[in-house]
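Enquirer: Here's a structure for you.
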Amino acid sequence: MDDRQFTLDYDPGEIRFGRGGADDLGDLLAARGLASALVVTGENVGANPDVMAPVEAGLGDALAGVFDGTTPAKTLGAALAAAREVRDTGAEAIVAVGSGSSLDTAKVASALGSYADPAAAAEHALDSGSVPVADDGRPTPVIAVPTTLAGADLSVIGGVGLSLDRDADPSEIPSGGVSDRRLMPTALCYDPELFETTPRSVLTASAMNGFDKAVECLYSPHATPITDGTASRALSLMQSGFAALPETDPDPATFDDAVAGVIAAQYGISTPGAYRASIIHAFGHGFSNDYDAHQGTVHGVLAPHVLRYVFSEVDGRRELLAEALGVAEPSMDDDELAEAVVGAVAGVSDDLGLPSELREIEGLTQADLPDVAAIIHDDGLFAEAPVQPSVAEIEEVLEAAW
Numbered sequence: 137m138d139d140r141q142f143t144l145d146y147d148p149g150e151i152r153f154g155r156g157g158a159d160d161l162g163d164l165l166a167a168r169g170l171a172s173a174l175v176v177t178g179e180n181v182g183a184n185p186d187v188m189a190p191v192e193a194g195l196g197d198a199l200a201g202v203f204d205g206t207t208p209a210k211t212l213g214a215a216l217a218a219a220r221e222v223r224d225t226g227a228e229a230i231v232a233v234g235s236g237s238s239l240d241t242a243k244v245a246s247a248l249g250s251y252a253d254p255a256a257a258a259e260h261a262l263d264s265g266s267v268p269v270a271d272d273g274r275p276t277p278v279i280a281v282p283t284t285l286a287g288a289d290l291s292v293i294g295g296v297g298l299s300l301d302r303d304a305d306p307s308e309i310p311s312g313g314v315s316d317r318r319l320m321p322t323a324l325c326y327d328p329e330l331f332e333t334t335p336r337s338v339l340t341a342s343a344m345n346g347f348d349k350a351v352e353c354l355y356s357p358h359a360t361p362i363t364d365g366t367a368s369r370a371l372s373l374m375q376s377g378f379a380a381l382p383e384t385d386p387d388p389a390t391f392d393d394a395v396a397g398v399i400a401a402q403y404g405i406s407t408p409g410a411y412r413a414s415i416i417h418a419f420g421h422g423f424s425n426d427y428d429a430h431q432g433t434v435h436g437v438l439a440p441h442v443l444r445y446v447f448s449e450v451d452g453r454r455e456l457l458a459e460a461l462g463v464a465e466p467s468m469d470d471d472e473l474a475e476a477v478v479g480a481v482a483g484v485s486d487d488l489g490l491p492s493e494l495r496e497i498e499g500l501t502q503a504d505l506p507d508v509a510a511i512i513h514d515d516g517l518f519a520e521a522p523v524q525p526s527v528a529e530i531e532e533v534l535e536a537a538w
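The number in the numbering used here is simply the position in the sequence shown, starting from 1, with 136 added.
Shown next as structure tokens:
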């Protein structure tokens, strides 16, 4: 008798996918009774007419203004400035456009907007390390318009740099977070034409981060048959579609598969009380502050090595991973399945043109690896990991990747 039990408490925003989808932004607002929106984005995206022209045209008369002050540091100061501009313009919603840093900043601004005094809430967050939504308040509704593939969109959580200096150096400030089911975007617009405007090096690195979300969903202790289905299909779509991402003139159908795969990869990964990314992301976090490397670039190097370690300790649902990646053969034993998965993941990183060795990360030396291993060991995502490596075991993985 099968005694399996599972819970999936998941309430995603409406997902709209398709070329030219930015044209629908005004309709998305109107359907929710929202009359106006502030666009929140970064300086580079804000100055890119290939992105902003369709977004602004789609919003039409509902465009209340543009805040282009987000940065990769995702500072509390930038989020507070955005929250203030929401109030100053009278905007009823935020349209977050760009990378994960803009989407996370918008979530923090949304949370701050639930308070009568956002500045006081920001000051408190500096001490507490988190930005809760006010119990008696309403966060500002967010519509997400991603332009990278890291998968920070369908989520109830976000990161924040704990500094009121909007332009603080991320290596010099502590990190905090925001998490509340009310911070799930009310709608998400995935327009492949906007993704095509992103520099290829940024797009390919972010894609590896999105890819690893699907990998980690499958061996998460919170996995369900539902997330198994979306993550498995995600891996298939991404594995076939990612080859188009480095191309200057990609086949639209293949490119669209890559974007659709990342949507599926993050479906269900972030739910109240459960986050399904773990050990690969924890390893990536070890390089977040002190090295100028995109998280996806770090993932491209480390994911095969981390998976090999996971498979040396536990099953890690290697057969399901191999099937999803299209590399399973009936004759394979456990070791062969594990190596097939590792090889397939390394192949995806190669398709994206990412580095294969840690020594290629600028500013990193082999002597730094023990300190990085200690940082990784303390990462909170290990609470959800299939294995709990020691600092020495983490260092061994890093040395293998060096």
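Where is the CB? At the ideal position from N, CA and C, for every residue including glycine.
Taking G312 as part of the beta strand (DSSP E), name the residues at either end of that continuous run.
Expert: Within the sequence shown, the letter at position 176 stands for residue 312. Looking at the DSSP string, the run of the beta strand (DSSP E) that includes G312 is S311 to S315.
Enquirer: Which residues does DSSP pair with C325 in a beta bridge?
Expert: Here residue 325 refers to the residue found at position 189 of the sequence shown. C325 is bridged to R152.
Enquirer: In chain order, what residues of the same chain have a beta carbon less than 7 Å from the beta carbon of F447, not counting five sequence neighbours either side?
Expert: Against the sequence shown, residue 447 aligns to sequence position 311. Cβ neighbours of F447 beyond the five flanking positions: R454 and A474.
Enquirer: Decide if Q502 is buried, meaning its Cβ has at least 16 other Cβ atoms within 10 Å, or exposed.
Expert: For the purposes of this step, residue 502 is taken as residue 366 along the sequence shown, with counting starting at 1. Exposed: under 16 other Cβ atoms inside 10 Å.
Enquirer: Quick check: what's the CA-CA separation for L144 versus V292?
Expert: In the sequence shown, the residue the question calls residue 144 occupies position 8. In the sequence shown, the residue the question calls residue 292 occupies position 156. One C-alpha to the other measures close to 14 Å.
Enquirer: Considering just the uninterrupted stretch of the beta strand (DSSP E) at G297, what are its terminal residues?
Expert: As a first step, residue 297 is located in the sequence shown; it is residue number 161 there, counting from the start. Its beta strand (DSSP E) spans residues I293 to G297.
Enquirer: Under a three-way DSSP split, which group does L199 fall into?
Expert: As a first step, residue 199 must be located in the sequence shown, where it is residue number 63. In this structure, L199 counts as strand in the three-state DSSP scheme.
Enquirer: My guess is that G422 and I309 are in contact by the Cβ rule of under 8 Å, so how many angstroms apart are they, rounded?
Expert: Residue numbering aside, residue 422 sits at position 286 when the sequence shown is read from its first letter. Residue numbering aside, residue 309 sits at position 173 when the sequence shown is read from its first letter. G422 to I309, Cβ: 17 Å. No contact.
Enquirer: At 3 residues or longer, what runs of the beta strand (DSSP E) sit wholly inside the region 249–282?
Expert: Those beta strand (DSSP E) runs which fall completely within the region 249–282 and span 3+ residues are 278–282.
Enquirer: Return the chain-ordered ranges of every alpha helix (DSSP H) run that is complete within the region 318–389 and spans a minimum of 4 residues.
Expert: Listed in chain order, the complete alpha helix (DSSP H) runs (minimum 4 residues) inside the region 318–389 are 328–331, 336–355 and 361–377.
Enquirer: Just to confirm the assignment, what range does the beta strand (DSSP E) spanning V233 have?
Expert: Position 97 of the sequence shown, counting from 1, holds the residue named residue 233. Here the beta strand (DSSP E) through V233 covers A229 to G234.
Enquirer: Which whole-angstrom value describes the C-beta separation of L461 and L371, a residue pair presumed to lie in contact below a C-beta threshold of 8 Å?
Expert: Stepping through the sequence shown from its first residue, residue 461 is reached at position 325. Stepping through the sequence shown from its first residue, residue 371 is reached at position 235. That belief holds up - the Cβ atoms of L461 and L371 are roughly 6 Å apart, short of 8 Å.
Enquirer: Which term fits P466, buried or exposed, when burial requires 16 or more other beta carbons within 10 angstroms of its beta carbon?
Expert: Against the sequence shown, residue 466 aligns to sequence position 330. With fewer than 16 other Cβ atoms within 10 Å, it is exposed.
Enquirer: So A261 and L212 are in contact, right, with Cβ under 8 Å, and what is the actual spacing, rounded?
Expert: In the sequence shown, the residue the question calls residue 261 occupies position 125. In the sequence shown, the residue the question calls residue 212 occupies position 76. Between L212 and A261 the Cβ distance is about 6 Å, and since that is below 8 Å, they are a contact.
Enquirer: Measure the alpha-carbon distance for G312 versus K210 and round it to whole angstroms.
Expert: Reading the sequence shown from its first residue, position 176 is the one you call residue 312. Reading the sequence shown from its first residue, position 74 is the one you call residue 210. Cα to Cα, the separation comes out at about 10 Å.
Enquirer: From A270 to S250, what distance separates their C-alpha atoms?
Expert: Working through the sequence shown from its first residue, we reach residue 270 at position 134. Working through the sequence shown from its first residue, we reach residue 250 at position 114. Between A270 and S250, the C-alpha separation is close to 6 Å.
Enquirer: Quick check on DSSP: helix, strand or coil for S492?
Expert: Walking along the sequence shown from the start, residue 492 turns up at place 356. S492: coil per DSSP, three-state reduction.
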